[in-house]
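Once you know that position 8 of the sequence shown is 8 in our numbering, the rest is easy, because the numbers rise by one and skip nothing.
Quick reminder that beta carbons are idealized off the backbone N, C-alpha and C, glycines included.
Here the structure is a predicted model, which is why all the values come from computation and not from measurement.
See below for the structure under consideration.
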Amino acid sequence: MRSFLLLLLLISGASATPVVPAKDSKELREIMAAVADPVEDAVHQPVKFRINHIKMEKGWAFVDALPLTKQGKRISYAGTMFEEWVEEADEVLWVLLRYKRGRWYIVEKEFFTVEATWIDWPRYFRAPGGIFPKPKID
Numbered sequence: 001m002r003s004f005l006l007l008l009l010l011i012s013g014a015s016a017t018p019v020v021p022a023k024d025s026k027e028l029r030e031i032m033a034a035v036a037d038p039v040e041d042a043v044h045q046p047v048k049f050r051i052n053h054i055k056m057e058k059g060w061a062f063v064d065a066l067p068l069t070k071q072g073k074r075i076s077y078a079g080t081m082f083e084e085w086v087e088e089a090d091e092v093l094w095v096l097l098r099y100k101r102g103r104w105y106i107v108e109k110e111f112f113t114v115e116a117t118w119i120d121w122p123r124y125f126r127a128p129g130g131i132f133p134k135p136k137i138d
């Protein structure tokens, strides 16, 4: 009985640890498909991503990625809503997602910004802090 309780405790504790989805996993494909939809709409072309950071925990996920063309090159933002922002802001994509009713939904996203707005997301959205990158203080 003790070993069963210990095993149960270990299993329940393991599920509360932030994890990086495996490279070819269903979770990674589903998360990145949810992220790609609004980005492709905004830049008027299919994209793929260079993922800088991705973690998930308790039905939450955070993604820090750079959108690229399907050929893996930098996107030209000419003719998009970001055309004027290229000079003024950093080319970043931060997305907070939540898994509900069998799919991933975007809770919040930032595309082109000058501030690390995601810093407040764990507190504001009550998302697990472990899915976010550790802030780098310069």
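For residue i, write down the residues that DSSP places opposite it in a beta bridge.
i: VAL63; result: ILE54 and VAL95
i: LYS109; result: VAL95
i: ARG74; result: LEU68
i: ASP90; result: THR113
Going by DSSP in three states, residue i sits in which element: helix, strand or coil?
i: LYS134; result: coil
i: ALA14; result: For ALA14, the predicted structure reports a pLDDT of 45, less than 50, and the residue's modelled location is therefore unreliable. The matter cannot be settled from this model.
i: ARG29; result: helix
i: PHE82; result: coil
i: VAL47; result: strand
i: VAL19; result: strand
Can you tell me whether residue i is buried or exposed? The criterion is at least 16 other CB atoms within 10 Å of its CB, across all chains shown.
i: ALA78; result: exposed
i: PHE62; result: buried
i: PHE132; result: buried
i: LYS55; result: buried
i: MET32; result: buried
i: PRO67; result: buried
i: VAL39; result: buried
i: ALA22; result: exposed
i: ALA16; result: exposed
i: LEU10; result: Any reading at LEU10 must be qualified, since the residue scores a pLDDT of 39, below 50, and its modelled position is unreliable; no value is offered.
Would you please state the rounded distance, in angstroms, between the beta carbons of residue i and residue j? I believe it to be under 8 Å.
i: VAL35; j: VAL95; result: 5 Å
i: GLY59; j: TYR99; result: 4 Å
i: ASP64; j: HIS53; result: 4 Å
i: TRP104; j: LEU97; result: 5 Å
Within 6 Å: the Cβ of residue i and any heavy atom of the ligand PLP?
i: LYS48; result: As for the ligand PLP, it is missing from this structure, which has no ligand bound.
Q: Spell out a yes or no on whether the stretch 38–54 and the stretch 115–126 are touching, meaning 3 or more CB-CB pairs, one atom from each, closer than 8 Å.
A: Because the criterion of three Cβ pairs below 8 Å is not met, the stretch 38–54 and the stretch 115–126 do not touch.
(Q) Counting beta carbon pairs with one atom in the stretch 83–92 and one in the stretch 123–131, are three or more of them shorter than 8 Å? (A) Counting Cβ pairs under 8 Å, fewer than three are found: no touch.
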